[in-house]
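Worksheet for the structure shown next.
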Amino acid sequence: MVADPKPLSAPGTRRAALDVILLHQHPGGGYPACPTFEVYGYSWFRDGAFIAEGADRAGAARSARAFHKWCARVLTSRAERIESIVSTLRSGGTPTSREWLPARYTLEGEDEGDTGWWNFQLDGYGTWLHLLVTHLRRHAGDPEPYREAARLACEYLAAAWNTPCFDWWEEDSHQRHGATLASLEAGLRAAVGAGLVAGDTADRARTAADEIAAAVRREGVRDGHLVKWMGGPDAVDASLLAALTPFGLLEHSLAGKTLAAVERDLLHEGGVYRYLEDTFYGGGRWPVLSALLGWHYARTGRLREAEQMLHWMDGLFTEDGLLPEQAPEGRRLAPGREQEWLDRWGPNATPLLWSHGMYLILAHELGELDSKPV
Ligand code: BGC
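Every letter in the sequence shown is one number past the one before it in our numbering, and letter 320, counting from 1, is 523.
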């Protein structure tokens with residue numbers, strides 16, 4: 204645990220938002236989700252992929268590269284385990300809970316051990332592949348160091364995509380989630396499209412991506428919009444926005460109706476809730492989701508609204524220049540449930556490096572970021 208999480212540059216500047224990421228990145232490349240929050244001292248593939256993207260856009264390509272290499276090492280050092288999971292799945296079996304790859308690792312890249320935490324999540328591997336390809340394209344980077352890891356990730360996802368697992372929020376492990384499936388489809392398509400994988404692996408990745416797209420349209424759409432999980436009621440989850448931006452997976456009408464449902468149910472004065480039933484820390488608004496929506500607005504020419512999202516995030520920095528996981532002020536969906544989390548884990552995670560990464564992405568989309576190499 205790092206005692207002092209403060210950035211070095213003047214708090215409130217965009218450079219300071221990057222400093223927080225750089226300050227806490229492990230020398231081996233992993234990013235802790237939050238350096239001061241006991242249970243977030245791990246590096247998640249999901250959080251980290253977005254953090255790396257933010258850092259990369261802010262000029263810290265070296266930091267992003269170190270993270271992507273960390274991911275590649277995590278995967279290649281588990282090649283045997285991954286091959287065994289894939290062969291179990293292909294023969295119709297089910298891997299044990301200890302075999303599945305976790306969502307997060309220690310900063311050194313080790314499994315965290317048997318903590319019983321909600322660890323089986325597939326989405327991070329897809330998000331990583333997608334944003335790795337974005338990084339390589341941006342820098343015309345050498346794909347060679349990533350090929351074996353990408354092959355393992357694609358084989359894993361192509362075999363496992365239809366398995367229920369915890370979602371982006373580490374909840375509802377018995378469902379197949381729209382946002383998770385979007386991450387997987389996006390990652391598989393990116394790896395194939397960039398030529399990171401070839402031959403039979405590419406064939407399997409392409410087939411799985413097509414099957415995911417078909418399954419989502421068959422089981423994951425109500426009233427013309429995506430829903431939180433396959434076969435679920437018509438409720439949305441803001442993580443579904445990723446299917447629009449950055450993943451770009453949806454046709455016009457499905458995208459428009461999904462966006463409208465999220466705006467209608469989850470957007471409140473610049474802040475975005477995760478989903479209506481959320482009770483975690485009382486269910487406040489999440490900066491990472493405001494940035495995700497703002498990113499989509501910026502991509503689709505709704506610049507004034509994108510600016511508003513960035514402005515809302517500007518107001519969330521602590522005096523020390525840190526962004527939290529949830530907005531401390533404003534309407535909560537389940538105010539009576541906040542105290543139990545405060546008692547369990549202490550104050551809400553701050554700084555959340557994923558919030559910092561997303562903030563940088565949005566500022567960059569709006570041309571408001573100094574991207575001088577650092
Ligand atoms: C969130 C996850 C996130 C983790 C670390 C959890 O509370 O639900 O999405 O990956 O924190 O930031």
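We treat Cβ as the ideally placed atom computed from N, Cα and C, and that holds for glycine.
Measuring only the C-alpha atoms, how far is residue i from residue j?
i    : j    : result
E241 : W548 : 8 Å
E454 : P554 : 36 Å
L339 : L525 : 29 Å
F323 : T279 : 19 Å
G518 : A263 : 24 Å
L563 : L496 : 14 Å
V491 : M561 : 6 Å
S300 : F248 : 18 Å
A206 : A458 : With a pLDDT of 47 at A206, under the threshold of 50, the predicted position of this residue should be treated as unreliable, though the coordinate-derived value follows. Whole-angstrom Cα-Cα distance: 43 Å.
A418 : E347 : 33 Å
E358 : V289 : 7 Å
V400 : D426 : 37 Å
A361 : S294 : 14 Å
Y186 : T297 : Since the first and last residues shown for the chain are 204 and 577, residue 186 lies out of range.
L469 : G402 : 43 Å
L225 : S493 : 23 Å
D345 : Y478 : 39 Å
Y328 : T521 : 32 Å
W544 : W489 : 16 Å
R341 : A445 : 20 Å
V336 : G539 : 43 Å
A306 : H380 : 15 Å
L310 : T239 : 14 Å
T578 : E374 : Nothing can be reported for residue 578: it is not among the residues displayed for the chain, which extend from 204 to 577.
G231 : R421 : 42 Å
A282 : P367 : 23 Å
G504 : S376 : 36 Å
G312 : Y500 : 35 Å
W515 : E480 : 23 Å
A343 : D546 : 48 Å
L292 : N365 : 11 Å
L506 : P550 : 34 Å
S574 : A219 : 13 Å
D523 : R268 : 27 Å
R502 : D440 : 20 Å
So, for residue i: in the same chain, excluding its five sequence neighbours on each side, which residues have a beta-carbon less than 7 Å away from its beta-carbon?
i    : result
V395 : A405, A408, R409
Who does residue i pair with in a DSSP beta bridge?
i    : result
R307 : W247
R293 : None; R293 has no bridge partner.
V475 : L470
H428 : R425
H380 : W432
Residues in its own chain within less than 6 Å of residue i by CB, not counting five upstream and five downstream?
i    : result
H333 : A389, G390, A393
G487 : Q529, A530, R535
M204 : A caution first: M204 carries a pLDDT of 43, below 50, which makes its placement in the model unreliable, though a value can still be read off. No residues qualify anywhere along the chain.
H428 : K460, T461, A464
S442 : W371, A382
H567 : R260
E541 : Y484, G485
D250 : A236, W557
T200 : An answer regarding residue 200 cannot be provided, because it is not within the stretch 204 to 577 covered by the chain.
Q511 : G473
Y243 : A236, C237, A552
What does a CB cutoff of less than 8 Å around residue i pick up in its chain, not counting 5 residues either side in sequence?
i    : result
Y308 : G233, Y245, S246, V277, D314, E315
A416 : E388, L452
W498 : T448, P449, A509, M561, I564, L565, E568
I285 : L278, L304, L355, E358, Y359
V424 : V430, L457
A598 : Past the edges of the chain, shown from 204 to 577, lies residue 598, and the structure says nothing about it.
Is it the case that the Cβ atoms of residue i and residue j are separated by a distance below 8 Å?
i    : j    : result
W590 : Q378 : What is shown of the chain runs 204 to 577, which leaves residue 590 out entirely.
F450 : A385 : yes
L569 : R217 : no
L325 : A363 : yes
G533 : E466 : no
P527 : A552 : yes
A255 : L221 : no
F369 : W321 : yes
Q228 : S287 : no
Nearest chain D C-beta to residue i closer than 8 Å, yes or no?
i    : result
G316 : Within the model displayed, chain D is absent; a lone protein chain is all it includes.
Is the beta carbon of residue i within less than 7 Å of some heavy atom of ligand 2?
i    : result
L304 : As for ligand 2, it is missing from this structure, which binds only ligand 1.
Check your understanding: Is there contact between the segment 428–447 and the segment 405–417, where contact requires at least three CB pairs shorter than 8 Å?
Key -> With the cut-off at 8 Å, the segment 428–447 and the segment 405–417 do not touch.
Review point. Is the segment 342–356 touching the segment 273–280, taking contact as three or more C-beta pairs under 8 Å?
Key: They touch, by the three-pair rule.
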